[in-house]
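K.L.:
In full-length UniProt numbering, the protein residues as written are 1 to 230.
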Amino acid sequence: MPNCAVRNTRIMPVPRKAGRKNSSATEVTLPPYEPNIPEPTTRADFMKYWIPLSFDDRTAEKLLWISEGGSKVARTSSDAVCPYPQRPERYDHSPQVLCKEGLLGHRGYWEVEYDGWVVIGVVSESSPRKMQDGPCGIGENKTSWGAGWSGSCCQIWHNAENVDIQMPLSSTMGVYVDQPAGIIKFLLVEGEAEKEVRLIHKFKENLQEKVFPGFWVGTNSFCLIRKKDQ
1 MPNCAVRNTR IMPVPRKAGR KNSSATEVTL PPYEPNIPEP TTRADFMKYW IPLSFDDRTA
61 EKLLWISEGG SKVARTSSDA VCPYPQRPER YDHSPQVLCK EGLLGHRGYW EVEYDGWVVI
121 GVVSESSPRK MQDGPCGIGE NKTSWGAGWS GSCCQIWHNA ENVDIQMPLS STMGVYVDQP
181 AGIIKFLLVE GEAEKEVRLI HKFKENLQEK VFPGFWVGTN SFCLIRKKDQ
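1) Indicate whether the contact test is met: 3 or more Cβ pairs, each with one atom in the region 90 to 103 and one in the region 152 to 162, closer than 8 Å.
2) Using the C-alpha atoms, what's the distance from S171 back to D115?
3) I'd like the list of long-range same chain contacts for S221, defined as Cβ closer than 8 Å, with 5 residues on each side in sequence excluded.
4) Can you have a look at K228 and say buried or exposed, based on whether 16 or more other CB atoms are within 10 angstroms of its CB?
5) Does the region 191 to 203 come close enough to the region 124 to 144 that 3 or more CB-CB pairs lie under 8 Å?
6) What first and last residue would you give for the beta strand (DSSP E) that runs through A147?
7) If you run the structure through DSSP and keep just helix, strand and coil, what is D45?
8) Can you list, in chain order, the residues of its chain with a C-beta nearer than 6 Å to that of G108? Leave out the 5 residues immediately preceding and following it.
9) Given a cut-off of 7 Å, decide if M167 and I120 are closer than it, judged by their beta-carbon atoms.
10) Within 10 Å of its beta-carbon, does W216 have 16 or more other beta-carbons around it, so buried, or fewer, so exposed?
11) Do you know offhand how far P2's Cα is from S150's?
12) Residues in its own chain within less than 7 Å of Q86 by CB, not counting five upstream and five downstream?
13) Which residue comes first and which comes last in the beta strand (DSSP E) that contains K195?
14) Residue range of the beta strand (DSSP E) that H158 falls in?
15) Based on the DSSP output, what are the partners of L96 in its beta bridges?
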């Protein structure tokens, strides 16, 4: 995984592109989109746009194991392979998985608990999935954006570049997407009973297509999608 130093580099030894549609995508019922309203800043504001998520095993690379009703993805070691069948939408080299639910024409917010070496991201529908099609690691191309903990700082990834951001360690990250406005925010979630959020980084992009929550999972690491009442 990237270490703590701002530099131009590839995210990790991940694959090449495969611009496939996510055929297993499910639609999330969300309220009508209201343009020109203030961006959320507090956790209570973000929670208004909460969307339930589940991992899509049809996109999961074979090193990843999905459990707990589709809410947890884990990787134990580099040689423990899950016997998924071959599919055009599956990542074939990078240890990544997408969620079933995508965003198009709406806002959405979700939170993820994690441990170990992970990149939590947002991936465009046509972003590559196969090695022969170009870089497909989260943040390794123009069509994905990611954030993760490097061991001593947060790192933000996009278009094969990474930036270090000094933040306290937290085991939970929030992600907010306003797809029509092209806004992607990565947030640190802190606190116990009364949780608060702290902005890690904001992207302002031209998002022309549906985007999906995406996850890169390193060895002996996991991501767990939080439920709204947690």
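Ideal Cβ positions, reconstructed from N, Cα and C, are used throughout, including at glycine.
P.N.:
Taking the definition as stated:
1) no
2) 7 Å
3) A74, R75, Y114, D115, G116, W117, V118
4) exposed
5) no
6) 144 to 149
7) helix
8) Y49, I51, V177
9) no
10) buried
11) Legend: pLDDT at P2 = 40, less than 50; position of this residue unreliable, value from coordinates given subsequently. Straight-line Cα distance between these residues: approximately 6 Å.
12) none
13) Neither: K195 is in no beta strand (DSSP E) and is coded neither H nor E.
14) 154 to 158
15) Sequence check: residue 96 is Gln here, not Leu. In the DSSP output, where bridge partners are listed per residue, Q96 has W216.
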